[in-house]
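In my numbering, the protein residues as written are 21 to 145.
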């Protein structure tokens, strides 16, 4: 069973993502900002991260940069999520595996997570 770390400051979004992913058989761990997300990384060893772009304390771009600087976290695929367009996110973030636009559909979440997990497994092989 793959573990998904969901990092988002909107509790409603976290609840929806947790339900969608848990119902599909994923183990879900949550964090409410990038600082907490980085702390969860070492304890939880997620297979993929759903990371919101705009959050207080430490935003998605900053968490992604911190992960890139840490060899143990560089291979964990990140799916950026935001209500902003992907063009805006791509200007400010490098190294994410996929993008989901808010509001999202459950099918898009599941297909994106599955695709990223398969891509990550192929890259690690």
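Glycine included, C-beta positions come from ideal geometry on N, C-alpha and C.
- request: Determine the contact status of residue 50 and residue 27, defining contact as a CB-CB distance below 9 Å.
  value: yes
Beta carbon of residue 58 nearer than 9 Å to that of residue 78: yes
message: Rounded to the nearest angstrom, what separates residue 103 and residue 112 at their Cα positions?
response: 14 Å
query: Under the three-state reduction of DSSP, which class applies to residue 124: helix, strand or coil?
result: coil
message: Between which residues of its own chain and residue 129 is the CB-CB distance below 6 Å, once the five residues before and five after are set aside?
response: 40
message: Does the structure place the region 55-71 close enough to the region 90-101 that three or more beta carbon pairs sit under 8 Å?
response: yes
task: For residue 96, name the three-state secondary structure that DSSP assigns.
output: coil
task: Following the continuous alpha helix (DSSP H) through residue 58, name the residue where it begins and the one where it ends.
output: 54-64
- request: Would you check if the distance between the CB atom of residue 83 and the CB atom of residue 115 is smaller than 9 Å?
  value: no
task: Please report how far the alpha carbon of residue 127 lies from the alpha carbon of residue 89, in whole angstroms.
output: 32 Å
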